[in-house]
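Contents: one structure, followed by commentary.
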Amino acid sequence: MPTDDLPETFHVTTDEQLRAVSSLTRHRIMAVIRFEPATITQIAERVGLAKGSSSYHVRLLERAGLVKVVRTRKVRGVTERYYAMAARTITLPDPGEGGPDMLMRHAVADLEAAPTDAERHVRMAHLRLTDEQFARLGERLEALADEFWALSDPSLPDASLVFALFRPARLDRTEGEAK
1 MPTDDLPETF
11 HVTTDEQLRA
21 VSSLTRHRIM
31 AVIRFEPATI
41 TQIAERVGLA
51 KGSSSYHVRL
61 LERAGLVKVV
71 RTRKVRGVTE
81 RYYAMAARTI
91 TLPDPGEGGP
101 DMLMRHAVAD
111 LEAAPTDAER
121 HVRMAHLRLT
131 DEQFARLGER
141 LEALADEFWA
151 LSDPSLPDAS
161 LVFALFRPAR
171 LDRTEGEAK
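Using my numbering, the letters of the sequence shown map in sequence onto residues 1 to 179.
The following block contains the structure:
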């Protein structure tokens, strides 16, 4: 199924959908079918799960509307289903104050699981920006991610780009602390 047929965005709005995307295993399954459809067997092999576990997680994602069957074929009397994402991107609700940011947690888990001998670029920078600079940097990061997303080729190895531009909570100094 070409990705041109997919809706642009799927907005997670229900508790069922939120529970479905909150699992790191299901996050990894969605990464497998991000660019091309796959069967339960293919998903299980790529994620490193038993077929039964893979099937269970895919069914939860399908019930939540996040993935869908895009093609079927008969193989030795059994119907093989190919699953794909329901949209190009999935938007999660704002976690709210103090709430867990699942995308960042999943990204850190993926980073920790990535081979340490492979090329990777990880950086954290603390910046002091005006509101205008902050907004401009956010727009540039979004545009850069969109530019390279458009260049994605399913035949090439996966690469993950995660960024978070935010203003951290203000840490007030305690009494007696040096200023």
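Don't be surprised by glycine CBs; every beta carbon is placed ideally from N, CA and C.
Predicted model, so just to flag it, every value in this text is computed and none were measured.
* To do: Would you kindly work out how many angstroms separate the C-alpha atoms of residue 2 and residue 27, rounded to a whole number?
  => On the sequence shown, position 2 is the one that residue 2 refers to. On the sequence shown, position 27 is the one that residue 27 refers to. Because residue 2 sits at a pLDDT of 45, beneath the cut-off of 50, its placement in the model cannot be relied upon, and the point is left open.
* What's the call for residue 179, buried or exposed, on a 16-neighbour Cβ count within 10 Å? -> By one-based count along the sequence shown, residue 179 stands at place 179. For residue 179, the predicted structure reports a pLDDT of 47, less than 50, and the residue's modelled location is therefore unreliable. The matter cannot be settled from this model.
* To do: Compute the Euclidean distance between the alpha carbons of residue 141 and residue 51, then round it to the nearest angstrom.
  => The sequence position of residue 141 within the sequence shown is 141, counting from 1. The sequence position of residue 51 within the sequence shown is 51, counting from 1. The alpha-carbon atoms of residue 141 and residue 51 are separated by roughly 38 Å.
* **Those runs of the beta strand (DSSP E) which lie wholly inside the stretch 130-156 and span at least 3 residues** => DSSP runs (the beta strand (DSSP E)) wholly in the stretch 130-156: none.
* Asked: Where residue 92 and residue 16 are concerned, what is the direct C-alpha to C-alpha distance, given to the nearest angstrom?
  -> Here the question's residue 92 lines up with position 92 in the sequence shown. Here the question's residue 16 lines up with position 16 in the sequence shown. Using only the alpha carbons, I get a separation of about 12 Å.
* To do: Check the C-beta distance from residue 180 over to residue 120 and give it rounded, since I have them as a contact under 8 Å.
  => The structure shown does not extend to residue 180, since the chain spans only 1 to 179, so no value can be given for it.
* List the whole-angstrom C-beta distance separating residue 53 from residue 43, where the pair is believed to meet the contact cut-off of C-beta under 8 Å. => Here residue 53 refers to the residue found at position 53 when the sequence shown is read from its first residue. Here residue 43 refers to the residue found at position 43 when the sequence shown is read from its first residue. Between the beta-carbon of residue 53 and that of residue 43 there is about 10 Å, and that puts the pair past the 8 Å contact cut.
* Out of curiosity, what's the CA-to-CA distance linking residue 167 and residue 71? -> To locate residue 167, count along the sequence shown from 1; it is residue 167. To locate residue 71, count along the sequence shown from 1; it is residue 71. When rounded, the distance between both Cα atoms is 44 Å.
* Asked: Counting only runs that start and end within the stretch 58-133, where is the beta strand (DSSP E) found for 3 or more residues in a row?
  -> Given a length threshold of 3 residues, each whole run of the beta strand (DSSP E) inside the stretch 58-133 is given here in chain order: 67-75, 78-85, 89-91.
* Taking all protein chains shown into account, do 16 or more other C-beta atoms lie within 10 angstroms of the C-beta of residue 67, making it buried, or fewer, making it exposed? -> Here the question's residue 67 lines up with position 67 in the sequence shown. With 16 or more neighbouring CB atoms inside 10 Å of its own CB, residue 67 falls in the buried class.
* Asked: Quick one: is residue 124 buried, meaning 16 or more other Cβ sit within 10 Å of its Cβ, or exposed?
  -> What you label residue 124 is simply residue 124 of the sequence shown in a count that begins at 1. Label assigned to residue 124: exposed.
* Asked: What is the DSSP secondary structure of residue 41, reduced to helix, strand or coil?
  -> The count along the sequence shown starts at 1 and reaches residue 41 at position 41. If DSSP states are grouped into helix, strand and coil, residue 41 belongs with the helices.
* Asked: If we ignore side chains and look at the alpha-carbon of each, how far apart do residue 63 and residue 14 end up?
  -> For the purposes of this step, residue 63 is taken as the residue at position 63 of the sequence shown. For the purposes of this step, residue 14 is taken as the residue at position 14 of the sequence shown. When rounded, the distance between both Cα atoms is 12 Å.
* Find out if the Cβ-Cβ distance for the pair residue 21, residue 32 is shorter than 8 Å. => Counting from one through the sequence shown, the residue named residue 21 turns up at place 21. Counting from one through the sequence shown, the residue named residue 32 turns up at place 32. Not closer than 8 Å, so no.
* Assuming residue 69 and residue 81 form a contact by the criterion Cβ under 8 Å, report the distance between their Cβ atoms to the nearest whole angstrom. => Numbered from 1 along the sequence shown, position 69 holds the residue referred to as residue 69. Numbered from 1 along the sequence shown, position 81 holds the residue referred to as residue 81. Going by Cβ atoms, the distance from residue 69 to residue 81 rounds to 5 Å, so yes, they are a contact pair.
* **C-beta atoms of residue 24 and residue 135 nearer than 8 Å** => Along the sequence shown, read from residue 1 onward, the residue named residue 24 stands at position 24. Along the sequence shown, read from residue 1 onward, the residue named residue 135 stands at position 135. No.
* Asked: Is the beta carbon of residue 88 less than 8 Å from the beta carbon of residue 8?
  -> One-based indexing of the sequence shown puts residue 88 at position 88. One-based indexing of the sequence shown puts residue 8 at position 8. The Cβ atoms of residue 88 and residue 8 sit closer than 8 Å to each other.
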